Amino acid sequence: MAASRSEALRESWREYYSRAAHESPRHPGARDYLKDDLAATLARMIPPDARLLEVGCGVGDLLARLPNPSRTGVDQLGEMVQAGRERHPGIDFRVAEAPDLSALGEQRFDAIVCDRLCHSVLDVRALLASLAERLTDDGRVFLTAFNYFWEVPTRLAEQAGWKIPAPTSNWLSESDFQNLFEMTGLEVVRYDDRLMLPLDLPGVGTALNRYLVKLPGWNLLSLYRIYVLRKRRGARPERRKATVTVVVPARNEAGNMPAAVERTPVMGGGTELIFVEGGSTDGTWQTIQEIIANYKGPLSLSAYQQTGKGKGDAV
């Protein structure tokens, strides 16, 4: 059941990307402004002689706007790859669905662009680990992500026709990203908070997007961030051996329990998943017991019934 839900979400994202490639929102101004800003910013950040890879490249329009002679793009949709080859013959396109980048063979890259893919993949940790494996020793990952404060405005923009509606997304905070970088052997070299107003309004847009967004406090309202990452250097062995405990408070969550197990990765030296069930009326406790009895995977599972009330008490 959990696998079917994951596959359904994966298929929803495939359909979304296919639709976005062929269809524009009713008001494309914000989308186009964002694309222009990202292309111009990456062109300044990425050395022009770097061997460049974009994961989730679509038809390759972003790659085509960067000056690097060596450009490779991978995308999960074969139709996008074929369209990209016809549209931008100077780019090497491959079919691959992140985090599996085996289609690239043994290739390594000086710069890897991953534009907002972290919002749609089912396993962000696996995605970051696969990017790190494809870096040269001194390479950089250029990871873009929407600010999670914009989750509600983004949904409103979808309703207003400014953005094509997307499936369920991963919305991650800065601390979430820092934990994921730590787990995957990456470290932040720098980051750039971009845009407070994704529209070309003379005077106002310039003041907000060029100056105000850089000020402490105001940067928390930026639309998106570009993380520049490299392989972590001098990591302490004892940090890699640490084990991880994940606590899952659950009340009336029977339908979500299989996915909680499926989507929890093995972290550090080992991972245990502890369910704390709190007075459910939908069979959550019975579902947890069945999962534990039938589970054969790498996680260590256990479960307890809560004696008090509330999430804080459960944790």
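Everything in the sequence shown is counted per our numbering, starting at -13 for the first residue and increasing by one.
No residue lacks a Cβ here, since even glycine has one placed at the ideal position from N, Cα and C.
Remember, it's a predicted structure, so these values are computed and weren't measured experimentally.
Item: Report the three-state DSSP secondary structure of D268 (helix, strand or coil).; Value: coil
Item: Within the 8 angstroms Cβ cut-off, does F132 reach chain C?; Value: As a matter of chain content, chain C is missing from the structure shown, which is built from one protein chain.
Item: In angstroms, rounded to a whole number, what distance separates the CA positions of K295 and Q272?; Value: 19 angstroms
Item: Could you check whether R80 and V107 sit closer than 8 angstroms to each other, using their CB atoms as the reference points?; Value: no
Item: Between C43 and D86, what straight-line distance do the alpha-carbon atoms span, to the nearest angstrom?; Value: 15 angstroms
Item: Residues in its own chain within less than 6 angstroms of D178 by CB, not counting five upstream and five downstream?; Value: I212
Item: Report yes if the C-beta distance between P235 and A300 is below 8 angstroms; otherwise report no.; Value: yes
Item: Would you give the residue range spanned by the beta strand (DSSP E) that V233 belongs to?; Value: V230 to A236
Item: Do G191 and L183 have their C-beta atoms closer together than 8 angstroms?; Value: yes
Item: How about G310 and D96: are their beta carbons less than 8 angstroms apart?; Value: In this structure the chain extends from -13 to 301, so residue 310 is not present and cannot be described.
Item: Take W136 and list the residues in its own chain whose beta-carbon comes closer than 7 angstroms to its own, dropping the five residues that flank it on each side.; Value: L209
Item: Could you tell me whether the segment -2 to 14 touches the segment 23 to 33, using the rule of 3 or more Cβ pairs below 8 angstroms?; Value: no
Item: Measuring only the C-alpha atoms, how far is R(-4) from L121?; Value: 26 angstroms
Item: Cutting at 8 angstroms between CB atoms, please list the residues of its own chain near R216, excluding the five before and the five after it.; Value: L121, D124, G125, R126, V127, L172, E173 and V175
Item: If you follow the alpha helix (DSSP H) that A69 is part of, which residue opens it and which one closes it?; Value: G64 to R73
Item: Might you give, ordered along the chain, the residues of its own chain that have their beta carbon closer than 8 angstroms to the beta carbon of G265, omitting 5 neighbours on each side?; Value: R237, Q292 and K295
Item: With a cut-off of 8 angstroms on the beta carbons, I'd call R111 and P251 a contact; round off their distance for me.; Value: 5 angstroms
Item: Taking the CB atoms as reference points, tell me whether T270 and E276 lie closer together than 8 angstroms.; Value: no
Item: With Q145 as the anchor, note down where its alpha helix (DSSP H) starts and where it stops.; Value: E137 to A146
Item: Any chance you could list the beta strand (DSSP E) runs of at least 3 consecutive residues sitting entirely within the segment -3 to 45, in chain order?; Value: 38 to 41
Item: For the segment 159 to 217, list the beta strand (DSSP E) runs that are entirely contained and at least 3 residues long, ordered along the chain.; Value: 172 to 180 and 210 to 217
Item: Exposed or buried, which one is K282 when buried takes at least 16 other CB atoms within 10 Å?; Value: exposed
Item: Straight-line CA distance for H13 to N205?; Value: 26 angstroms
Item: Count the other C-beta atoms from every protein chain shown that fall within 10 angstroms of the C-beta of L49, then say buried if there are 16 or more, exposed otherwise.; Value: buried
Item: Starting from the C-beta of T154, find all residues in its chain whose C-beta is less than 7 angstroms away, skip the five residues before and the five after it, and write them out in chain order.; Value: L(-5)
Item: With DSSP as the reference, please indicate the residues paired to E258 in a beta bridge.; Value: T231 and S286
Item: Between P34 and A16, what straight-line distance do the alpha-carbon atoms span, to the nearest angstrom?; Value: 27 angstroms
Item: Quick check: what's the CA-CA separation for D162 versus M169?; Value: 11 angstroms
Item: Run through DSSP, which three-state label would A82 get?; Value: coil
Item: Can you pull the DSSP bridge partners for D101?; Value: T130
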